[in-house]
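Protein sequence lines correspond, in order, to chains A and B. The letter at position 113 of the first sequence is residue 112 when you use numbering that gives the first Met the number 0, and the numbering goes up by one with no holes. The letter at position 11 of the second sequence is residue 10 when you use numbering that gives the first Met the number 0, and the numbering goes up by one with no holes. Below is one structure, written out as structure tokens; the observations come after it.
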Amino acid sequence: MTASEIEKIFRDEAGRALATLIRLVGDFDLAEDALQDAIAVALERWPAGEVPDNPRAWLVNVAKHKAIDRIRRQIAFRGKQQALVHELELNAQAADEPPAMLDDDMLRLIFTCCHPAFAPEVQVALTLRTVCGLSTAQVARAFLIGEDAMAQRLVRAKQKIRLAGIPYEVPERDTLVARLDGVLAVIYLVFTEGYVATSGADLMRPDLAAEAIRLGRLLDRLMPDRTGIRGLLALMLLHDARRAGRETAAGDIVLLEEQDRTRWDHAQIAEGLRLVDDALRVPGRPQPYAVQAAIAALHARAPSYEHTDWPQIAGLYEVLLRISPSPVVELNHAAAVSMVDGPARALDLVDAIAARGGLGGYELLPAVRADLLRRLGRKDEARAAYRAATEATQLEPLRRLYARRTREME
Amino acid sequence: MQYLLMIYQNEAEYAKIDTGTTQKMSAEYEAFTQGIIQNGNFKAGDRLRPTTTATTVRVRDGKTLTTDGPFAETREQLGGYYLIEAKDLDTAIEIASRIPSARVGSIEVRPIWVYDK
Chain A
0 MTASEIEKIF RDEAGRALAT LIRLVGDFDL AEDALQDAIA VALERWPAGE
50 VPDNPRAWLV NVAKHKAIDR IRRQIAFRGK QQALVHELEL NAQAADEPPA
100 MLDDDMLRLI FTCCHPAFAP EVQVALTLRT VCGLSTAQVA RAFLIGEDAM
150 AQRLVRAKQK IRLAGIPYEV PERDTLVARL DGVLAVIYLV FTEGYVATSG
200 ADLMRPDLAA EAIRLGRLLD RLMPDRTGIR GLLALMLLHD ARRAGRETAA
250 GDIVLLEEQD RTRWDHAQIA EGLRLVDDAL RVPGRPQPYA VQAAIAALHA
300 RAPSYEHTDW PQIAGLYEVL LRISPSPVVE LNHAAAVSMV DGPARALDLV
350 DAIAARGGLG GYELLPAVRA DLLRRLGRKD EARAAYRAAT EATQLEPLRR
400 LYARRTREME
Chain B
0 MQYLLMIYQN EAEYAKIDTG TTQKMSAEYE AFTQGIIQNG NFKAGDRLRP
50 TTTATTVRVR DGKTLTTDGP FAETREQLGG YYLIEAKDLD TAIEIASRIP
100 SARVGSIEVR PIWVYDK
């Protein structure tokens, strides 16, 4: 077996193996250390041809024994009675676990990492590290902070799980809906950072978008009766399907109106469209992710920018404004209105949002204003707005886009 | 596990509330306390006198220094506590959310430090 094949197995199985180990040994750190031990053994044996039929079961089993070794060493050092009891319990457990139990472990891990007792950025970091199996260095890069600082954040979070008694379980029915919303928010946060990065040289971070989609698929499979998940998965698939069209080889932004639509991933669009239909068919109040996915679906289906169903898009944004209002939705609504009623009407809406305040440093407001002013031929004001937009962003490709727009007006 | 639920509320605003409302609040507290006693979650709980009665004590270089007032000036003040037994943080949060003051103030939930035996 080649190194890259082994790497792929670790990537696919490590999160699930860890989820089961945490339940078995009852401790995040011990489970992680034991899994690392098992991976080290695998790296010794697997390249030589000794590959197990069920790599995950193998990893769990070897790691379990490594955990027992570690507990024994602890007992030798500190003579802890409790640890001894735990060892006996561990030994008594059967080696083979039913598959349903393993799925439950993964759900437990997701809900624990996305517990509302953690700040949102901690939820994202814990999820990327333990559920997605990213290394601490990779998670640190996702947050644009140093590896030491991220390691410390993760250590503190895992300490809090243990010391504050954050349960390792799927929440009860009466809190499940609210807690699931929190999990979806974490997945969406990971995705949006992958779709348009906050700062840096690259517009997109496809690795983060891919992780978010992987999480969405996993959750959809584990909880197929929860339609909120399907709406989010559809939204992510449809947005991500346009990836190849969204930037030039040099890393410059290609706007939606300029994109070569044959470069979009049409197989992924088809999958997204099927999921949107599913998510929208649910009776009752429409789900915000499903409505956003429906908007993405209209873009994905449109033969061109001009032949896009803008009135329906503007209408769907109005639905969103009712069910989950936010300044970001208001701005998007205004942009859609500009395609239906013209930029002057949209500019009134944007200026009303700005006058009300509350958007703070939200960087897209000056960008949307600049675009509307440019289309109205109000060049001086447009130039000023592009300057404001440039100052408001830390993303290099966006700065280059605003510079290009300013040049094009000369 | 044991948790300390610390009840923070703005004293100045609470002092302005009419008697009818405070009586209703007291009745709610009574019912809440009885409820967690019956469920076996209650270990202890008290209401505190306002921070105007507080004295803060420090010992420096062997000398005891006292100051008038609470340790820190904050927008909401510690006004009472419950010590509870709960199986995990979710249970503790659920109990904390039923404390009548949670609707106007804040409840800080802290696990009790347990030393290894």
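Using N, Cα and C, we set each Cβ at its ideal position, and we do this for glycine too. Everything numeric in this text was worked out from a predicted model, so none of it was measured.
- Taken residue by residue, none of the segment 23-43 of chain A has a beta-carbon sitting less than 9 Å from a beta-carbon on chain B.
- A straight-line Cα-Cα distance of about 42 Å links I109 (chain A) and A11 (chain B).
- The beta carbon of G164 (chain A) sits closer than 7 Å to some beta carbon of chain B.
- Along the segment 101-132 of chain A, the positions whose C-beta sits under 7 Å from a C-beta of chain B are A116, read in chain order.
- Not a single CB atom of chain A sits nearer than 7 Å to the CB of M5 (chain B).
- A check of alpha carbon separations from L394 (chain A) across A:A124, A:R204, A:V290 identifies A:R204 as the nearest.
- The segment 50-69 of chain A makes contact with the segment 22-38 of chain A, as at least three CB pairs between them are under 8 Å.
- With a threshold of 16 other beta carbon atoms within 10 Å, Y316 (chain A) meets it and is buried.
- Around the beta-carbon of L143 (chain A), fewer than 16 other beta-carbon atoms lie within 10 Å, marking it exposed.
- When rounded, the separation of the alpha-carbon atoms in D347 (chain A) and Q258 (chain A) is 28 Å.
- Interface annotation, L82 (chain B): not in contact with chain A, CB-CB separation never under 7 Å.
- When B:T50, B:D89, B:T63, B:A85 are compared, the shortest CA-CA separation from R74 (chain B) is found for B:T50.
- When secondary structure is reduced to three states using DSSP, L272 (chain A) falls in the helix class.
- Each residue's CA atom was taken as its position, placing R10 (chain A) and G132 (chain A) some 7 Å apart.
- Fully enclosed alpha helix (DSSP H) runs of no fewer than 4 residues occupy 205-221, 226-240 of the segment 175-263 of chain A, in order along the chain.
- Between the C-alpha atoms of G68 (chain B) and I6 (chain B) there is a straight-line separation of about 18 Å.
- In this structure the segment 242-251 of chain A lies against the segment 192-206 of chain A, because at least three pairs of beta carbons, one per stretch, are closer than 8 Å.
- Here E380 (chain A) has L372 as same chain residues with Cβ atoms under 6 Å from its own Cβ, once five neighbours each way along the sequence are excluded.
- The beta carbon of E31 (chain A) sits closer than 7 Å to those of L17, all from its chain and outside the five residues before and after it, given in chain order.
- Residue pairing by DSSP places E84 (chain B) opposite B:Q1 in a beta bridge.
- Per DSSP, the unbroken alpha helix (DSSP H) holding A41 (chain A) starts and ends at 27-44.
- By the neighbour-count criterion, in which a residue is buried when 16 or more other Cβ atoms sit within 10 angstroms of its Cβ, F76 (chain A) is exposed.
- DSSP places F117 (chain A) outside both helix and strand once states are collapsed to three, so it counts as coil.
- In the DSSP assignment, V56 (chain B) falls within the unbroken beta strand (DSSP E) covering 54-59.
- At a cut-off of 4 residues, the continuous stretches assigned as alpha helix (DSSP H) that sit fully inside the segment 121-164 of chain A are 135-142, 146-162.
- For P324 (chain A), no alpha helix (DSSP H) run applies, since DSSP gives it neither H nor E.
- Look at the beta carbons and you see the segment 301-308 of chain A not touching the segment 272-281 of chain A: under three pairs across the two are nearer than 8 Å.
- In the DSSP annotation of this structure, the continuous segment of the alpha helix (DSSP H) that includes A295 (chain A) starts and ends at 287-300.
- Of the candidates A:P287, A:R161, A:I160, A:A296, the residue whose Cα lies closest to the Cα of G271 (chain A) is A:A296.
- Taking 7 Å as the CB threshold, L77 (chain B) stays off the interface with chain A.
- Taking V154 (chain A) as the centre and dropping the five residues before and after it, the same chain places no C-beta closer than 8 Å to its C-beta.
- Check the Cα spacing between P310 (chain A) and each of A:T111, A:A335, A:A141, A:L106: the tightest is with A:A335.
- Counting along the chain, V108 (chain B) sits inside the beta strand (DSSP E) bounded by residues 105-110.
- Within chain B, not a single residue places a beta-carbon under 8 Å from that of P282 (chain A); the smallest gap is close to 30 Å.
- If you ignore the 5 residues before and after T54 (chain B), its C-beta comes within less than 6 Å of the C-beta of T65, all in its own chain and listed in chain order.
- Residue state for L375 (chain A) is assigned as coil, using DSSP reduced to three classes.
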